[in-house]
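Trainee: Chains as they are written, first to last, in my numbering: chain A, 100 to 337; chain B, 9 to 487. We put the CB at the ideal spot given by N, CA and C, even for glycine.
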């Protein structure tokens with residue numbers, strides 16, 4: 100792929116994700132466009148799960164969706180873009196649920212835990228290809244420019260996390276790039292672990308996430324990590 | 009007051025008065041054990057999060073040291089070198105496995121290798137040896153409950169307290185109210201902890217058994233297997249629910265012993281919802297300076313509860329102060345049925361023999377030792393071994409044979425029990441049927457609690473009342 104093609108692909112990708120309009124030379128109404136876009140996503144998710152990330156191609160996705168390969172590119176510039184959209188849509192819904200379920204008074208650790216775990220629940224249908232997606236465009240090594248497919252997910256996620264952190268700090272302080280990188284590394288680690296976690300009800304990921312966040316929050320506030328409980332039994336069953 | 013690790017270790021050093029022919033081996037072991045006691049709990053890593061409290065972990069290691077110590081006696085020096093090398097690597101791995109220390113703690117505790125300390129410390133120390141799980145915040149609980157019960161606690165319950173009111177074995181307990189208005193205690197297990205412990209015990213077994221523990225290897229292996237089996241059951245709240253249900257039906261309302269009812273709809277392998285029982289723990293009860301009569305009444309209920317379960321074919325195997333609630337209306341709440349051993353045919357036969365041996369017929373007692381302590385004919389010729397076993401048996405029976413209330417607050421009784429046990433361990437007469445791993449623990453645990461309570465209980469009368477024909481036709485003769 101030449102530099103020019105890459106540039107054009109990125110531009111096209113961004114225009115689809117951010118504008119959702121004027122994308123097709125064909126005169127199709129908005130409703131049809133939305134329906135086709137959704138069909139591509141649904142078909143792609145199934146195909147990723149059935150034949151695996153590697154073997155699913157834009158051509159096979161287009162065929163399964165009953166459209167021409169060229170038409171698919173009017174909606175998504177690449178397979179990665181489809182995956183990003185699937186992940187991004189799931190995370191957006193998860194964020195909505197997370198906000199709705201907040202009770203108020205949660206600690207930062209609790210907020211982060213809920214935010215991430217709700218995301219994992221919504222990502223469940225994407226689990227089969229998440230590992231490959233992580234390698235392809237979510238890994239820190241894959242991040243190359245603001246237009247990179249994984250960058251959108253990263254930016255959106257980190258913005259929410261920064262907002263949550265800010266809401267729990269008595270004095271607003273600038274979060275260093277290192278702090279956020281530490282967080283992102285932990286998050287990707289949890290995602291990667293979860294993608295292959297075969298423990299019942301993903302209980303190992305739950306424990307890993309809990310401990311990762313303890314570590315992160317402790318590093319953030321500059322204190323040691325509590326090693327054991329402080330619950331003082333007052334009586335009653337235990 | 010808790011014994012210091014250094015005290016425990018020095019107790020190990022003084023343990024053996026028998027001259028050791030291999031001085032170097034002894035020194036090597038000392039060095040290994042000293043290293044074990046001084047190693048800090050891992051800091052600044054994930055392991056620290058998994059670790060037990062520092063003190064309990066160190067005590068656990070000290071118990072482990074005591075246990076290891078026994079294997080080194082009477083061993084050929086060339087075997088010792090291999091054992092030392094294996095032990096060194098085993099200990100290194102021990103340091104890296106958080107819960108393994110928890111498992112070791114249980115092993116040390118359950119095998120009954122108690123250090124030579126005064127009874128008060130013994131009673132208190134025994135009481136503090138439990139698993140401890142990391143605390144869980146509400147967001148984690150909410151997801152756990154959603155995963156286990158299919159909905160958020162806000163939807164499942166009328167109300168749910170977000171802060172835990174007690175720590176439990178492997179998790180924590182929350183107060184809640186059902187939509188049908190019952191107040192319940194919801195015990196929730198930390199995610200993945202059961203499998204972690206299981207893996208750690210498997211590692212322990214894999215690490216220890218190549219060490220070759222001498223002629224008693226097979227017995228030790230069976231005992232560790234039993235501990236492993238019991239730990240797996242302890243981590244399974246469905247098994248606990250079953251034990252609770254069975255125990256609930258054993259007591260009638262007039263007896264003043266309460267076992268919480270289980271709510272199956274809100275219970276799974278990792279979540280246990282049961283009636284909330286209001287009451288205080290032993291320390292708080294003692295702080296109210298209770299009368300002797302109150303002490304005796306509660307003591308009698310504690311003993312009765314164990315006895316009733318015993319004759320129902322189960323052993324309430326972990327009697328520690330966190331499992332008993334002293335209720336305002338003088339009733340005793342019996343909670344936490346995680347560590348309950350159920351007897352099969354083999355165990356029932358041992359119990360029958362124990363009952364029958366009370367007739368005083370030496371051949372029955374010998375049969376009990378043969379089956380219970382795995383003694384062969386040659387062992388039965390060993391007067392010292394048999395005498396120590398008889399002494400141990402006599403100690404167990406002392407309160408049962410005593411006419412009228414037996415004073416468990418008598419320090420000499422508990423002291424003597426520890427002394428006899430140590431005598432057996434010193435001589436490495438520790439072979440036993442795996443059942444005794446937990447039966448010994450429950451006998452010592454209960455007596456340690458009754459000692460702290462300073463209770464006087466008419467044990468003989470309770471046995472007469474509770475004894476059931478299938479387990480001991482000659483019990484009446486005995487009592």
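Hey, out of B:473, B:460, B:374 and B:317, whose CA is closest to residue 349 (chain B)'s CA?
Mentor: Measuring from the Cα of residue 349 (chain B), the nearest candidate turns out to be B:317.
Trainee: Looking at chain B, which residues of the segment 293 to 327 of chain A have a Cβ within less than 9 Å of any of its Cβ atoms?
Mentor: Listed in sequence order: 298, 299, 300, 301, 302, 303, 304, 305, 306, 307, 308, 309, 310, 311, 313, 314, 323, 324, 325, 326 and 327.
Trainee: Can you give me the C-alpha to C-alpha distance between residue 305 (chain A) and residue 148 (chain B), rounded to a whole angstrom?
Mentor: If I take the Cα positions, the gap works out to 8 Å.
Trainee: Residue 149 (chain A): buried (16+ other C-beta within 10 angstroms of its C-beta) or exposed?
Mentor: Its Cβ having fewer than 16 others within 10 Å, residue 149 (chain A) is exposed.
Trainee: Using beta-carbon positions only, say whether residue 196 (chain B) and residue 152 (chain B) come within less than 8 Å of one another.
Mentor: Their beta carbons are under 8 Å apart, which means residue 196 (chain B) touches residue 152 (chain B) by this criterion.
Trainee: Please confirm whether residue 358 (chain B) and residue 365 (chain B) have their CB atoms less than 8 Å apart.
Mentor: It is not a contact, given that the beta carbons lie outside the stated cut-off.
Trainee: Indicate whether at least one CB of chain A lies closer than 8 Å to the CB of residue 203 (chain B).
Mentor: Chain A, which has a Cβ nearer than 8 Å to the Cβ of residue 203 (chain B), makes this yes.
Trainee: Have a look at B:314, B:203 and B:183 and flag the residue whose alpha-carbon is nearest the alpha-carbon of residue 299 (chain A).
Mentor: Ranking the options by Cα distance to residue 299 (chain A), first place goes to B:203.
Trainee: When the Cα of residue 176 (chain B) is compared with those of B:194, B:303 and B:360, which residue comes out closest?
Mentor: When only C-alpha atoms are compared, the closest one is B:194.
Trainee: The beta strand (DSSP E) spanning residue 173 (chain B) covers which residue range?
Mentor: It is not in any beta strand (DSSP E) - residue 173 (chain B) carries neither H nor E in the DSSP assignment.
Trainee: Curious, which full-length alpha helix (DSSP H) runs of at least 4 residues does the segment 244 to 293 of chain B contain?
Mentor: Fully enclosed alpha helix (DSSP H) runs of 4 or longer: 245 to 256.
Trainee: How would you list, in chain order, the residues of chain A whose beta-carbon sits under 7 Å from the beta-carbon of residue 146 (chain B)?
Mentor: The contacting residues are 209.
Trainee: Quick one: list the residues of chain A neighbouring residue 189 (chain B), beta-carbon separation under 8 Å, in chain order.
Mentor: Within 8 Å Cβ-Cβ: nothing; residue 189 (chain B) doesn't reach chain A, min ~18 Å.
Trainee: Please state if the CB of residue 293 (chain B) and the CB of residue 209 (chain A) are separated by a distance shorter than 8 Å.
Mentor: No.
Trainee: Looking only at DSSP bridge pairs, what is residue 300 (chain A) linked to?
Mentor: Partner(s): none; residue 300 (chain A) has no beta bridge.
Trainee: Of the choices A:285, A:185, A:206 and A:195, whose alpha-carbon is the least far from that of residue 217 (chain A)?
Mentor: The shortest C-alpha separation from residue 217 (chain A) is found at A:195.
Trainee: So what does DSSP say about residue 397 (chain B), is it helix, strand or coil?
Mentor: DSSP places residue 397 (chain B) in helix when its eight states are reduced to three.
Trainee: How close, in whole Å, do the beta carbons of residue 262 (chain B) and residue 335 (chain B) come, if the pair is a contact with beta carbons under 8 Å?
Mentor: Actually they are not in contact, since the Cβ atoms of residue 262 (chain B) and residue 335 (chain B) sit about 15 Å apart, beyond 8 Å.
Trainee: Is the beta carbon of residue 257 (chain A) closer than 8 Å to that of residue 293 (chain A)?
Mentor: Cβ atoms of residue 293 (chain A) and residue 257 (chain A): not closer than 8 Å.
Trainee: Tell me which same chain residues have a C-beta within less than 7 Å of the C-beta of residue 308 (chain A), skipping the five on either side of it?
Mentor: 212, 215, 216 and 289.
Trainee: Please list the residues of the segment 147 to 176 of chain B that have a C-beta atom closer than 9 Å to any C-beta atom in chain A, keeping them in chain order.
Mentor: Going along the segment 147 to 176 of chain B in chain order, one finds 147, 148, 150, 151, 152, 154, 155, 156, 160, 162, 170, 171, 172, 173, 174, 175 and 176 with a Cβ nearer than 9 Å to chain A.
Trainee: To the nearest angstrom, how far is the alpha carbon of residue 491 (chain B) from that of residue 169 (chain B)?
Mentor: Lying outside 9 to 487, the shown extent of chain B, residue 491 (chain B) is not represented and no answer is given.
Trainee: Among the residues of its own chain, which have a CB less than 8 Å from the CB of residue 466 (chain B), if the five just before and after it don't count?
Mentor: Cβ neighbours of residue 466 (chain B) beyond the five flanking positions: 308, 412, 413 and 414.
Trainee: Give me, in chain order, the residues of the same chain whose beta-carbon lies closer than 6 Å to that of residue 155 (chain A); leave out the 5 immediate sequence neighbours on both sides.
Mentor: Around residue 155 (chain A): 146 and 147.
Trainee: I need the straight-line Cα distance from residue 158 (chain A) to residue 244 (chain B), nearest angstrom please.
Mentor: One C-alpha to the other measures close to 50 Å.
Trainee: So, at 8 Å on beta carbons, what are the nonlocal neighbours of residue 470 (chain B) in its own chain, with the 5 sequence-adjacent residues on each side left out?
Mentor: 308, 311, 312 and 315, listed in sequence order.
Trainee: Which word fits residue 273 (chain A), buried or exposed, when buried means at least 16 other C-beta atoms lie within 10 angstroms of its C-beta?
Mentor: Result: exposed.
Trainee: CA-CA distance, residue 13 (chain B) and residue 280 (chain A)?
Mentor: For residue 13 (chain B), the predicted model reports a pLDDT of 38, less than 50, meaning its position is unreliable and no value from the coordinates is stated.
Trainee: Which chain B residues sit within Cβ distance under 7 Å of residue 205 (chain A)?
Mentor: Here the neighbours are 147.
Trainee: Would residue 182 (chain A) pass as a contact of residue 228 (chain A) if the rule is Cβ separation under 8 Å?
Mentor: It is a contact, given that the beta carbons lie within the stated cut-off.
Trainee: Less than 8 Å between the beta carbons of residue 258 (chain B) and residue 356 (chain B), yes or no?
Mentor: Cβ distance not < 8 Å, so residue 258 (chain B) and residue 356 (chain B) don't count as in contact.
Trainee: Excluding the 5 residues flanking residue 444 (chain B) on each side, which residues of the same chain have their C-beta closer than 7 Å to its C-beta?
Mentor: Correct list, in chain order: 380.
Trainee: Mind checking which residues open and close the alpha helix (DSSP H) that includes residue 174 (chain A)?
Mentor: First-last of the alpha helix (DSSP H) with residue 174 (chain A): 168 to 174.
Trainee: Between residue 447 (chain B) and the rest of its own chain, which residues show a CB-CB distance below 7 Å, the 5 nearest in sequence each way excluded?
Mentor: Taken in chain order, the residues that qualify are 323.
Trainee: Identify whether residue 230 (chain A) lies in helix, strand or coil by the three-state DSSP scheme.
Mentor: DSSP places residue 230 (chain A) in helix when its eight states are reduced to three.
Trainee: Run through the DSSP bridge pairs and tell me what residue 348 (chain B) is partnered with.
Mentor: According to DSSP, residue 348 (chain B) bridges with B:324.
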